[in-house]
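Chains as they are written, first to last, in our numbering: chain L, 1 to 240; chain B, 1001 to 1240; chain C, 2001 to 2240.
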Amino acid sequence: MIASYTDFGTTGPYLGQMHAVIATQAPRVPRITLMADAPMFDPVSAGILLSYLCDNLPDQTLILAVVDPGVGGERRPLMIRGAKLQFVGPDNGLFVPVVRRYEDCLIEAIDWRPSRLSDSFHGRDLFAPVAAALATGKAVAGIPVEPRELAGYDSNHDSNRVIYIDAYGNAMTGIEADGLSDERTISVNGKALRYARTFSEVPAGQPFWYRNSNGLVEFAVNRGSVSRLLNLRPGMPVQF
Amino acid sequence: MIASYTDFGTTGPYLGQMHAVIATQAPRVPRITLMADAPMFDPVSAGILLSYLCDNLPDQTLILAVVDPGVGGERRPLMIRGAKLQFVGPDNGLFVPVVRRYEDCLIEAIDWRPSRLSDSFHGRDLFAPVAAALATGKAVAGIPVEPRELAGYDSNHDSNRVIYIDAYGNAMTGIEADGLSDERTISVNGKALRYARTFSEVPAGQPFWYRNSNGLVEFAVNRGSVSRLLNLRPGMPVQF
Amino acid sequence: MIASYTDFGTTGPYLGQMHAVIATQAPRVPRITLMADAPMFDPVSAGILLSYLCDNLPDQTLILAVVDPGVGGERRPLMIRGAKLQFVGPDNGLFVPVVRRYEDCLIEAIDWRPSRLSDSFHGRDLFAPVAAALATGKAVAGIPVEPRELAGYDSNHDSNRVIYIDAYGNAMTGIEADGLSDERTISVNGKALRYARTFSEVPAGQPFWYRNSNGLVEFAVNRGSVSRLLNLRPGMPVQF
């Protein structure tokens, strides 16, 4: 399966044009849109979120990940083979959380270019054909890259922050939820929130934190928008 | 074919994660998103709309329907086999209009649980694997349920109301259009509207009611938004 | 491959119902949504954009194009076979830019009607079954149409205008970019903009024009919305 993970949005022709390439070059490979509104222009937040989504993706999924604010500038195209999953996308920090979280990734810079490469749409022209080739078992020429050579590998990725706000207004953080005690309060924008297991345990209108279905701490309000209630924005720091 | 019908919205990872499961477990079954913005948190309106959409779905479609505000609380997971269609989803009133509208449904509570079931995402963890199994001809253990045992079966589902407002601003009601005379005026929010067969029969800017392509009474304005013009909201009562 | 190109939006049941038909009637043909927010109610702008998107669609794609404000009125349904691509949709000007841009198109009025044809949803009831038939190699009865007989063929399609504003706020024009000198300034809403090759060549916040990935002049701001900055709307004239 090929799963696209982009910040293209659900409108416009971009997602469709990229999928047109993979649907044609890998017609028998199932194809889904994992997410089209990955944190926009923010490869670090997008990478943290992706690294947790990976836990719930079926084995053998190839993720075509394009969050690429610097397209047209200098950055390498990458292909990454992990134990369960593969990845294709730009070397701009997006894959650092994945590579840190999953060991034994084989990273390569893509050493192939299409006959026509636009300046602004590498998703369609370069990454999609490579993804289709890998998903159908074809080899793509690559140059080995060490994890520490990835762009932004050594920067301090502070994941104690809001990384995504969904359509319900729930606010995901980059904080792993598994090790946290239920007694812990977690603070955001000056407000300390208590834990609840599920939405239905909390009265309507009251904010809480819970362990979301991807293993992350998430802020929510039963039948309401925590982001509106507490005025939350992506990137906001979280204390706990 | 598996058709998803959810209130997840088109953004975020939820729809993609659910489709990833069915694309992997039923890779050769065609898969569509019937609707991702079913009336949110409102299983009754969502169920009324679904029951009419069913008339225009191809035979043998399996509908994976997840409008589930009470996830994490107590409610049974259901699988329903009708003469033409199958359904998988929660027992919270969502399927009552379908079961009332279509006779001879075989209803079962799903007697299977995945090895890992998150508290908040049964669409991905429970309903999607069951849908993929049924669509590929596998048996899933179930416990027979009588229609009258469905949650909310006996409640008064008043369908004389606005159930959905689409992106054009058109307002669907839950009122069956087939038996209505063209002479009938229908009132909403204090305004009585006349019938027109099509948009192009009405001057731009004038509101009217018509029989929509799913057999329901719908309010519209030619090249405009009736919801904005008449200040309509989902749930508003309709008199006729 | 069947690619849908509509102004239905990504919400509501319309896109899903249309895809349900093609997924069922052509289950083995890959299927993508090329674009669901084609310029709304504006077949001319939608047609200009489509004619340029065609350059980047794989050979043998069938485009199911429905931008159809006059549905219910009198207009012919069309099927068009070009050297590389096929098209199905309404005769309302939508295909004029395609037919002008690509020579040797064989145009036919569709001489088939379904047993049940709703007044307002020809995309689902008429165009989708025809698209599925053509994509699976079945014949559909048609009546030859000369290009000059197409609705709006002789009208003056001024493409020197903004035709689409995407989710980033970038504004596409209908102006072909290939022949233009990099020295050219292009004016919109009273502001003259200079050329830049890519976003990363321009300081954040400064508007510019560039050749977009579909060969059109596009206005943009590095990490910002040019439409908000310059107050641009679809249809606005462009001078150069």
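Quick reminder that beta carbons are idealized off the backbone N, C-alpha and C, glycines included.
Closest Cα partner of residue i within the set the options
i	options	result
Phe2041 (chain C)	B:Phe1199, B:Pro1237, B:Phe1219 and B:Ala1046	B:Phe1199
Tyr1153 (chain B)	B:Val1067, B:Gly1093, B:Leu1106 and B:Asn1231	B:Gly1093
Thr1033 (chain B)	B:Pro1027, B:Ile1002 and B:Ala1167	B:Ile1002
Gly2047 (chain C)	C:Gln2086, C:Ile2022, C:Ala2109 and C:Tyr2005	C:Tyr2005
Pro237 (chain L)	L:Lys191, L:Ala204, L:Asp111 and L:Gly215	L:Lys191
Leu2117 (chain C)	B:Asn1056, B:Ser1227 and B:Pro1090	B:Asn1056
Leu278 (chain L)	L:Thr11, L:Ala171, L:Tyr164 and L:Leu53	Summary: the structure shown does not reach residue 278 (chain L), with chain L confined to residues 1 through 240, and so no result is reported for it.
Ser1120 (chain B)	L:Ile143, L:Glu201, L:Pro90 and L:Arg113	L:Glu201
Ala1038 (chain B)	B:Ile1022, B:Arg1031, B:Arg1028 and B:Asp1068	B:Asp1068
Asp2178 (chain C)	C:Arg2113, C:Asn2214, C:Glu2146 and C:Asp2158	C:Asn2214
Pro1058 (chain B)	C:Ile2022, C:Ile2175 and C:Gly2082	C:Ile2022
Ala139 (chain L)	L:Trp112, L:Asp7, L:Ala65 and L:Arg184	L:Trp112
Ile2110 (chain C)	C:Ala2133, C:Arg2076 and C:Val2066	C:Arg2076
Arg1244 (chain B)	B:Thr1010, B:Asp1091, B:Pro1114 and B:Gly1082	No answer is possible for residue 1244 (chain B): the residues shown for chain B start at 1001 and end at 1240.
Leu1180 (chain B)	B:Asn1231, B:Asp1158, B:Phe1240 and B:Pro1043	B:Phe1240
Ile1049 (chain B)	C:Pro2027, C:Ala2065 and C:Tyr2014	Sequence check: residue 1049 (chain B) is Leu here, not Ile. Of the candidates C:Pro2027, C:Ala2065 and C:Tyr2014, the one whose C-alpha sits nearest the C-alpha of Leu1049 (chain B) is C:Tyr2014.
Gly16 (chain L)	L:Arg28, L:Ala128 and L:Glu103	L:Ala128
Leu2126 (chain C)	C:Pro2090, C:Gly2009 and C:Phe2008	C:Pro2090
His2157 (chain C)	C:Gln2206, C:Pro2043, C:Leu2134 and C:Thr2010	C:Pro2043
Asp1104 (chain B)	B:Leu1232, B:Glu1146 and B:Leu1193	B:Glu1146
Thr1024 (chain B)	L:Pro30, L:Ser45, L:Leu232 and L:Leu78	L:Pro30
Ser2045 (chain C)	C:Ser2159, C:Leu2230, C:Asp2182 and C:Arg2028	C:Ser2159
Whole-angstrom C-beta distance between residue j and residue i, which should lie under 8 Å
i	j	result
Leu150 (chain L)	Val96 (chain L)	6 Å
Ala1220 (chain B)	Thr61 (chain L)	At roughly 42 Å, the Cβ-Cβ gap does not stay under 8 Å, so Ala1220 (chain B) and Thr61 (chain L) are not in contact.
Gly2123 (chain C)	Met2035 (chain C)	Not confirmed; about 14 Å, so no contact.
Val2088 (chain C)	Ala2131 (chain C)	5 Å
Gly2012 (chain C)	Ala1171 (chain B)	In fact, because the Cβ distance is near 12 Å, the residues do not count as touching under 8 Å.
Arg1223 (chain B)	Ala1204 (chain B)	5 Å
Ile1080 (chain B)	Ile1107 (chain B)	5 Å
Ile2165 (chain C)	Pro2234 (chain C)	6 Å
Val1226 (chain B)	Gly1169 (chain B)	6 Å
Val217 (chain L)	Thr173 (chain L)	5 Å
Contact list for residue i against chain L, beta-carbon separation under 8 Å
i	result
Arg1124 (chain B)	Asn56 and Ser213
Thr2010 (chain C)	Thr10 and Thr11
Thr2061 (chain C)	Ala20 and Thr24
Chain-ordered chain C contacts of residue i [CB-CB under 7 Å]
i	result
Asp119 (chain L)	Arg2197 and Thr2198
Val188 (chain L)	Within 7 Å Cβ-Cβ: nothing; Val188 (chain L) doesn't reach chain C, min ~25 Å.
Pro27 (chain L)	Pro2030
Asp1178 (chain B)	Per Cβ cutoff of 7 Å: no residues; Asp1178 (chain B) is ~12 Å from chain C at best.
Strand pairing of residue i, partner residues [DSSP]
i	result
Lys138 (chain L)	Beta-bridge pairing links Lys138 (chain L) to no other residue.
Phe1219 (chain B)	B:Ala1171 and B:Trp1209
Lys191 (chain L)	L:Val188
Pro2077 (chain C)	C:Pro2090
Arg161 (chain L)	L:Pro237
Thr2033 (chain C)	C:Ser2004
Pro1144 (chain B)	B:Glu1108
Ala2065 (chain C)	C:Tyr2005
Glu2176 (chain C)	C:Leu2216
Gly1224 (chain B)	B:Val1221
Listed by chain order, chain C residues near residue i by CB distance under 8 Å
i	result
Pro39 (chain L)	Ordered by position in chain C, no residue passes the 8 Å Cβ test against Pro39 (chain L), which lies about 14 Å from the chain.
Thr1024 (chain B)	Within chain C, no residue comes near Thr1024 (chain B); the closest Cβ sits about 17 Å away, beyond 8 Å.
Thr1173 (chain B)	Within chain C, no residue comes near Thr1173 (chain B); the closest Cβ sits about 15 Å away, beyond 8 Å.
Leu1053 (chain B)	Pro2013 and Gln2017
Gly73 (chain L)	Thr2198 and Ser2200
Neighbour list for residue i in chain B, Cβ cutoff strictly below 8 Å
i	result
Thr2006 (chain C)	The contacting residues do not exist; Thr2006 (chain C) stays about 11 Å from chain B at best.
Ala3 (chain L)	Gly1016 and Ala1020
Gly2169 (chain C)	Neighbours of Gly2169 (chain C) on chain B: none; closest Cβ ~17 Å, over 8 Å.
Interface partners of residue i on chain L, CB under 9 Å
i	result
Arg2223 (chain C)	Phe41 and Pro69
Asp2182 (chain C)	Those do not exist, as Asp2182 (chain C) stays about 13 Å from chain L at its closest Cβ, beyond 9 Å.
Per-residue contacts from residue i into chain L (C-beta, under 7 Å)
i	result
Ile2032 (chain C)	Gly16, His19, Ala20 and Ala23
Met2035 (chain C)	Gly12, Pro13 and Gly16
Chain-ordered chain C contacts of residue i [CB-CB under 9 Å]
i	result
Asp1111 (chain B)	Near Asp1111 (chain B) there are no residues of chain C at all, since even the closest Cβ is about 30 Å away, more than 9 Å.
Measuring CB atoms only, is the region 2190-2197 of chain C touching the region 2206-2221 of chain C, in the sense that at least three cross pairs come out at less than 8 Å? yes
Segment contact, 8 Å Cβ cut-off, at least three pairs: the region 2069-2084 of chain C with the region 2181-2191 of chain C: no
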